[in-house]
Amino acid sequence: MNSKLYITNSLGRKKELFEPMNPPHIGMYVCGPTVYGDAHLGHARPAITFDLLFRYLKYLGYKVRYVRNITDVGHLENDADEGEDKIAKKARLEAVEPMEIVNYYTQRYHRQMDRLNVQRPSIEPHASAHIIEQIEMVKKILDKGYAYEVDGSVYFDVSQYSKNHQYGILSGRKLDELMSNTRELSGQSEKRNSADFAIWKNAEPAHIMRWPSPWGDGFPGWHMECSAMGCKYLGKEFDIHGGGMDLLFPHHEAEIAQSTIANGKSPVRYWMHNNMITINGQKMGKSLGNALSLDDFFSGDHSALEQAYSPMTIRFFILQAHYRSTLDFSNEALQAAEKGMKRLMAAASDVKQLKAEKSAANLNIEGIRQDCYAAMNDDLNSPIAIAKLFDAVRIVNTVKDGNVQINPLELNLL
2 MNSKLYITNS LGRKKELFEP MNPPHIGMYV CGPTVYGDAH LGHARPAITF
52 DLLFRYLKYL GYKVRYVRNI TDVGHLENDA DEGEDKIAKK ARLEAVEPME
102 IVNYYTQRYH RQMDRLNVQR PSIEPHASAH IIEQIEMVKK ILDKGYAYEV
152 DGSVYFDVSQ YSKNHQYGIL SGRKLDELMS NTRELSGQSE KRNSADFAIW
202 KNAEPAHIMR WPSPWGDGFP GWHMECSAMG CKYLGKEFDI HGGGMDLLFP
252 HHEAEIAQST IANGKSPVRY WMHNNMITIN GQKMGKSLGN ALSLDDFFSG
302 DHSALEQAYS PMTIRFFILQ AHYRSTLDFS NEALQAAEKG MKRLMAAASD
352 VKQLKAEKSA ANLNIEGIRQ DCYAAMNDDL NSPIAIAKLF DAVRIVNTVK
402 DGNVQINPLE LNLL
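Just so you know, we're using this note's numbering here: the sequence shown kicks off at 2 and counts up by one.
Structure (structure tokens):
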């Protein structure tokens, strides 16, 4: 089997041969959910995409340490350091403690991922459990002169960073364009430049989630958690960082800048991003008010759904599209996925009942098998791999109907 895996690296915006730093060991970090509501179809896509990668890397013989975080502090309503903490707001509205919200939705997220047959990561760190690590990283960045403190908040100095580094190396954005296009927000008045971002925020008196720091009570900036936890569990440099395309900027761009200064090197070799799921051409998201929860799909209890869909139908629907392609939700597409999934499962059951004939001609099952590997090695091309599986389904059906015979070796391959 040719195990040369090529993946599209967002850092260079091209397909590259995957070469681990310390084979057979691989470090992989994927941005997990902000747990203030039920997971929706959009959350299922990165979970399933990187579950596929996790499984395939292990199948190829690698020993993978897979870290997927839980964001439970610091994710403000506006990514530009403005607004209320999403979890704290939910807690205020429901008159409960923030950690009650975190625990409730984390448990629900786990149940939903289990139903989708998504394997648990090796490590699942919570941002709130790594405040010390985040404060230490903020100190390093301040000490090196790449951040500044204003009234208890600490901001990363993008202009200073850009003197010797490329801010925009991942997203392809230019600093002058970022400076001119960033809209004015009240929280930006204390920044030196509009493109600067918070790595520690001063907590207002009413802010529930707060921790002591050298700069006063506050909380870490959203981008800081992944830099700190990635470094703690995978080292200053590791193989793969994944997440949704919507995280590419500013979140992952900021991660690169923070980690480069704090640790003296760029943190990640390969950046991978799945594209979004859309509904009527618009991104599906809780903040946009158009999200259908996974439980909605499983129960069918939503006006936009014509029926309930099983977790495996959802998984199949997502894997039928390449992870870097947009995927538009429709009942018709889900119903087609359901039919396809049932055909595959029926063939998997039927193949156990087939009888082999030693004298049977070759049906090229090995060719189909190699085509599946080739598809997976080509940037996890799951739709091509699935198409090849349907070639095998057709062979199963023709053998079952008695139109052709199959020899023992090929039956074993099936």
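Ideal Cβ positions, reconstructed from N, Cα and C, are used throughout, including at glycine.
Note that this is a predicted model, so its numbers are computed, not measured.
Secondary structure at L335: helix, using DSSP grouped into helix, strand and coil.
Sequence-distant Cβ neighbours of P122 in its own chain, meaning closer than 7 Å and more than five residues away, are Y67, V68 and R69. The C-beta of T72 has 16 or more other C-beta atoms within 10 Å across all chains shown, which makes the residue buried. Cβ-Cβ distances below 7 Å link G217 to G153 and N203 in the same chain, with the five nearest sequence neighbours on each side left out; the list follows chain order.
Taking C-alpha positions only, M346 is separated from L6 by approximately 28 Å.
Around the beta carbon of Q354, fewer than 16 other beta carbons lie within 10 angstroms, which makes this residue exposed. By the beta-carbon neighbour count (other beta carbons within 10 angstroms, threshold 16), D115 is exposed. Going by C-alpha positions, Y57 is about 35 Å away from P221. Leaving aside the five residues that flank L171 on each side, the residues in its chain whose CB is nearer than 8 Å to its CB run, in chain order, S11, L12, L249, F250, H253, E254, I257 and W272. At a Cβ-Cβ threshold of 8 Å, P409 and Q321 do not count as neighbours.
Sixteen is the threshold: since fewer than 16 other Cβ atoms of the shown chains lie within 10 Å of the Cβ of I133, the residue is exposed.
Taking every protein chain shown into account, the CB of E205 has fewer than 16 other CB atoms within 10 angstroms, so this residue is exposed. Leaving aside the five residues that flank E191 on each side, the residues in its chain whose CB is nearer than 7 Å to its CB run, in chain order, V151, D152 and S154. Excluding its 5 nearest sequence neighbours in each direction, H131 has C-beta neighbours in its own chain below 6 Å: A229 and M230, listed in chain order.
In the displayed model, D351 falls within a helix according to three-state DSSP. The C-alpha of D144 is placed about 33 Å away from the C-alpha of K90.
Taken atom to atom, the span from the alpha-carbon of Y162 to that of G245 is near 25 Å. The DSSP-derived three-state label of M29 is strand. Counting only runs of at least 4 residues, the segment 221 to 295 fully encloses the following alpha helix (DSSP H) elements, listed from N- to C-terminal order: 223 to 235 and 254 to 264.
The Cβ atoms of D380 and K16 lie closer than 8 Å to each other.
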